[in-house]
Amino acid sequence: MPSSVIDHFSYDTKTKALKITFLTGMVYEYKNVPQKIFDMFRVSGSKGRYFNDQIKGSYKFKKLKAE
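For the sequence shown, my numbering puts the final residue at 67, and the numbers step up evenly by one.
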């Protein structure tokens, strides 16, 4: 299901880094995100809601260059 806020995302299993590109073009990398959290995010029906409830505010992040 398409998200109203998230354009696309990727996950690096070695570094546990979750990279999210928002529809605004802003890109953020969240650090030390467990595989289980990524798996649940990937299959969630509402990516924005899951992001707000489980990721935002729970993991350190850095803002990357906008795409």
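Idealized CB from N, CA, C, for every residue including glycine. Only a predicted model underlies this, so the values are computations on that prediction, with no experimental measurement involved.
- Measuring CA to CA, which of Leu-23, Met-26, Phe-22 and Tyr-59 is closest to Phe-38? Tyr-59
| Beta-carbon proximity list for Phe-41, same chain, < 6 Å, skipping 5 on both sides | Tyr-50
Counting C-beta neighbours from all protein chains within 10 Å, is the total for Lys-47 16 or more, i.e. buried, or is it exposed?
Buried, since its Cβ has 16 or more Cβ neighbours within 10 Å.
Could you compute how far the alpha carbon of Phe-22 sits from the alpha carbon of Lys-16?
19 Å
- Query: Three-state secondary structure (DSSP) at Tyr-59?
  - Reply: Shown here, Tyr-59 sits in coil according to DSSP, grouped into three states, outside any helix or strand.
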